[in-house]
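Let me begin by presenting the structure, written as structure tokens, before commenting on it.
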Amino acid sequence: MAISLLTLNVRSVKDQVRRVGTLSFLAAQNHDVCFLQECGIPYAQSYSQLERQWTHRPSFWSGGNDCKSPGVAILIKGRHFTTDRVTEQVNGRVLVVDGSWSGEPVRLINVYAPPEKNERLKMFRVLRMQLVTSRTSLMGGDFNCTVELDGRTGSDSAGMDVTSRLLVEMTGEASLRDVVGSMGPNARNYSWSRPDGSVRSRIDFLFTSPTVKPGRNSMVAVHFSDHRAVSFEGELTRKFAAGPGSWKLNCSLLENEELVGNLRDPYVEWRDMRDLFHSAGEWWEWVKDRFRSFFQDASRAAAREKKRDFRQLQSKLQRLFELELRGWDVDDELEETRKGLAEHFREESRKIISGPEPRTSRRMRNATHSSS
């Protein structure tokens with residue numbers, strides 16, 4: 001399904017007249033999701049007044065009190081999005097919204113990084129944990145640092161600092177893609193500029209998960225900010241093709257000590273192959289496929305064994321009945337066989353009533369963590 005994103009430092013929407021004009025401009029851009037930074041709004045228990053002014057469906061706001069400029073917002077247009085959870089991770093700086101986009105789980109992250117390097121570094125360390133998710137991530141913001149050596153022109157401080165390297169590292173770990181990709185020739189993709197054009201830099205970004213197919217991107221000039229908006233149009237694909245159902249781990253297999261022991265050696269081999277992948281996220285997706293194959297094979301083997309045991313018990317019961325009809329004393333064996341069959345059907349009944357086993361268990365987590 002098509003999806004369009006925009007991120008923009010709006011240089012304050014605290015003033016009512018300015019806010020109405022900014023929201024009207026954004027509505028005219030016709031993007032599905034807009035990430036706004038430097039809204040200039042204080043922290044509040046409720047932002048209902050601001051939410052009402054965006055009439056095109058849900059909006060989420062976060063203000064801050066550490067200075068005049070903090071404040072971020074995520075504006076959504078249309079009926080595609082269903083909200084699960086909203087987290088003001090850093091008031092006025094990092095806003096995280098989990099939900100579903102036409103049924104696909106997504107995480108929207110808006111970032112307004114401080115201009116001070118040390119404060120920015122602290123905030124990025126908090127942000128890093130929000131990138132660890134199984135959801136499709138859509139992240140936009142003013143990061144106040146570059147991600148490339150030529151990301152700033154006409155300045156003595158051109159280049160990358162420690163926060164730049166951390167941002168590159170953590171987006172790489174999460175397999176997030178910079179939708180613009182580079183400053184481009186003649187700094188054509190700059191996102192911020194001094195009024196006289198003497199300094200230009202690319203510090204505003206949109207990052208997306210690999211499940212978002214790239215499309216068109218552009219830098220949009222606005223009349224009310226010294227930043228240009230980053231615009232993107234792409235396609236949100238499903239992580240897994242629709243099929244008969246999702247695979248869930250049969251956690252009863254983890255009670256089999258021999259089976260868990262057999263898993264440890266392969267896992268150590270898989271762990272040692274991390275350096276062969278471009279990112280930890282890519283490696284983990286590969287490992288999950290191995291886990292699934294391992295436990296699917298074990299589950300099939302366990303199912304075959306149970307079916308074989310059931311057939312043996314059923315055949316034994318039939319033979320015992322025949323012997324009883326011939327006058328043999330087989331009462332004890334009949335009772336034992338009936339109990340075995342009764343237990344088998346009790347287990348099957350419990351599965352039907354309680355549903356499938358949970359996908360993970362504490363024991364599974366402990367097994368994998370202890371191996372790493």
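Numbering (UniProt numbering), first residue to last: 1 to 372.
Note that beta-carbon positions come from the ideal geometry of N, C-alpha and C, so glycine has one too.
Being a predicted model, the structure only gives us computed values, none of them experimental.
Between residue i and the ligand FMN, is the CB less than 6 Å from at least one heavy atom?
{"i": "ARG79", "result": "Ligands displayed in this structure: none; no statement on the ligand FMN is therefore possible."}
Leaving out five residues on either side along the sequence, give the residues of the same chain with a beta carbon under 7 Å from the beta carbon of residue i.
{"i": "ARG202", "result": "THR146, GLY151, MET183, ASN189, TYR190 and SER191"}
{"i": "LEU253", "result": "LEU259, PHE295, ALA298, SER299 and ALA302"}
{"i": "SER349", "result": "Summary for SER349: the model assigns pLDDT 49, below 50, so the residue's position carries little reliability; its value from the coordinates is reported in the next sentence. Same-chain partners within the cutoff: there are none."}
{"i": "SER354", "result": "Unreliable positioning characterises SER354 in this predicted model, as indicated by a pLDDT of 49, which lies under 50. The coordinate reading is nonetheless provided below. Closer than 7 Å at the Cβ level, and outside the excluded window around SER354, lies no residue."}
{"i": "GLU104", "result": "THR136, LEU236 and ARG238"}
{"i": "VAL220", "result": "ARG228, ALA229 and SER231"}
Which same chain residues, not among the five before or five after residue i, have their C-beta less than 6 Å away from its C-beta?
{"i": "CYS34", "result": "LEU6, LEU26 and LEU75"}
{"i": "VAL13", "result": "ARG19, THR22 and CYS39"}
{"i": "PRO214", "result": "GLY234"}
{"i": "GLU322", "result": "none"}
{"i": "GLY159", "result": "LEU149"}
{"i": "ASP331", "result": "none"}
Using a Cβ cut-off of 7 Å (strictly closer), state whether residue i contacts chain C.
{"i": "LEU95", "result": "The structure shown contains no chain C; it is built from a single protein chain."}
Within the continuous alpha helix (DSSP H) that includes residue i, where are the two ends?
{"i": "ALA28", "result": "16-29"}
{"i": "residue 375", "result": "Residue 375 cannot be examined here, being either before or after the span of the chain that is shown, 1 to 372."}
{"i": "TRP54", "result": "No alpha helix (DSSP H) contains TRP54, which DSSP labels as neither H nor E."}
{"i": "TRP328", "result": "TRP328 -> no alpha helix (DSSP H), and no H or E assigned at all."}
{"i": "SER130", "result": "According to the sequence provided, residue 130 is Gln. The question's Ser does not apply to it. GLN130 -> alpha helix (DSSP H) spans 117-130."}
{"i": "THR7", "result": "Counting along the chain, THR7 falls outside any alpha helix (DSSP H), though it belongs to the beta strand (DSSP E) covering 2-9."}
{"i": "GLY261", "result": "257-271"}
{"i": "SER164", "result": "162-173"}
Are there 16 or more other CB atoms within 10 angstroms of the CB of residue i, so buried, or fewer, so exposed?
{"i": "GLU38", "result": "buried"}
{"i": "VAL97", "result": "buried"}
{"i": "LYS339", "result": "exposed"}
{"i": "ALA241", "result": "Note on ALA241: pLDDT 47, under 50, position unreliable in the model; the coordinate value appears next. With fewer than 16 Cβ atoms within 10 Å of its Cβ, ALA241 is classed as exposed."}
{"i": "ASN262", "result": "exposed"}
{"i": "ARG311", "result": "exposed"}
{"i": "HIS369", "result": "Low per-residue confidence applies at HIS369: pLDDT is 45, beneath 50, and the placement is therefore not dependable, though the value from the model is reported in the following sentence. Exposed."}
{"i": "ASN144", "result": "buried"}
{"i": "ASN256", "result": "exposed"}
{"i": "ASP142", "result": "buried"}
{"i": "ARG271", "result": "exposed"}
{"i": "PRO244", "result": "Per-residue confidence for PRO244 stands at a pLDDT of 48, beneath the threshold of 50, marking its modelled position as unreliable; the derived number appears in the next sentence. PRO244 comes out exposed."}
{"i": "VAL268", "result": "exposed"}
{"i": "ARG264", "result": "exposed"}
May I ask which residues mark the beginning and end of the beta strand (DSSP E) holding residue i?
{"i": "TRP61", "result": "59-62"}
{"i": "ASP98", "result": "94-101"}
{"i": "MET139", "result": "136-142"}
{"i": "LEU36", "result": "33-37"}
{"i": "ASP226", "result": "No beta strand (DSSP E) holds ASP226; DSSP gives it neither H nor E."}
{"i": "MET219", "result": "217-220"}
{"i": "VAL86", "result": "81-90"}
{"i": "LEU206", "result": "204-208"}
{"i": "ALA73", "result": "72-76"}
Going along the chain, which residues of its own chain have a beta-carbon closer than 8 Å to the beta-carbon of residue i, five neighbours each way excluded?
{"i": "ARG165", "result": "none"}
{"i": "GLN89", "result": "LEU95, VAL96, VAL126, LEU127 and GLN130"}
{"i": "LEU121", "result": "VAL162, THR163 and LEU166"}
{"i": "ALA44", "result": "GLY63"}
{"i": "HIS56", "result": "ALA27, LEU75, ILE76, LYS77 and GLY78"}
{"i": "residue 382", "result": "Any question about residue 382 goes unanswered here, given that the chain covers just 1 to 372."}
{"i": "ASP329", "result": "none"}
Below 7 Å between beta carbons: does that hold for residue i and residue j?
{"i": "THR136", "j": "SER24", "result": "no"}
{"i": "ALA187", "j": "THR237", "result": "no"}
{"i": "ASN110", "j": "VAL86", "result": "no"}
{"i": "ASP204", "j": "VAL222", "result": "no"}
{"i": "THR82", "j": "SER62", "result": "no"}
{"i": "LEU313", "j": "LEU341", "result": "yes"}
{"i": "ARG93", "j": "PRO70", "result": "yes"}
{"i": "PHE232", "j": "ASN217", "result": "yes"}
{"i": "MET1", "j": "SER134", "result": "no"}
{"i": "residue 373", "j": "ARG11", "result": "Only positions 1 to 372 of the chain appear in the structure, and residue 373 is not among them; the question remains open."}
{"i": "TRP283", "j": "ARG274", "result": "yes"}
{"i": "ASN9", "j": "PRO42", "result": "no"}
{"i": "SER59", "j": "ASP32", "result": "no"}
{"i": "GLY181", "j": "SER279", "result": "no"}
{"i": "LYS316", "j": "THR337", "result": "yes"}
Original post:
Counting pairs of Cβ atoms below 8 Å between the region 44-52 and the region 109-125, do you hit three or more?
Top reply: No, the region 44-52 does not touch the region 109-125.
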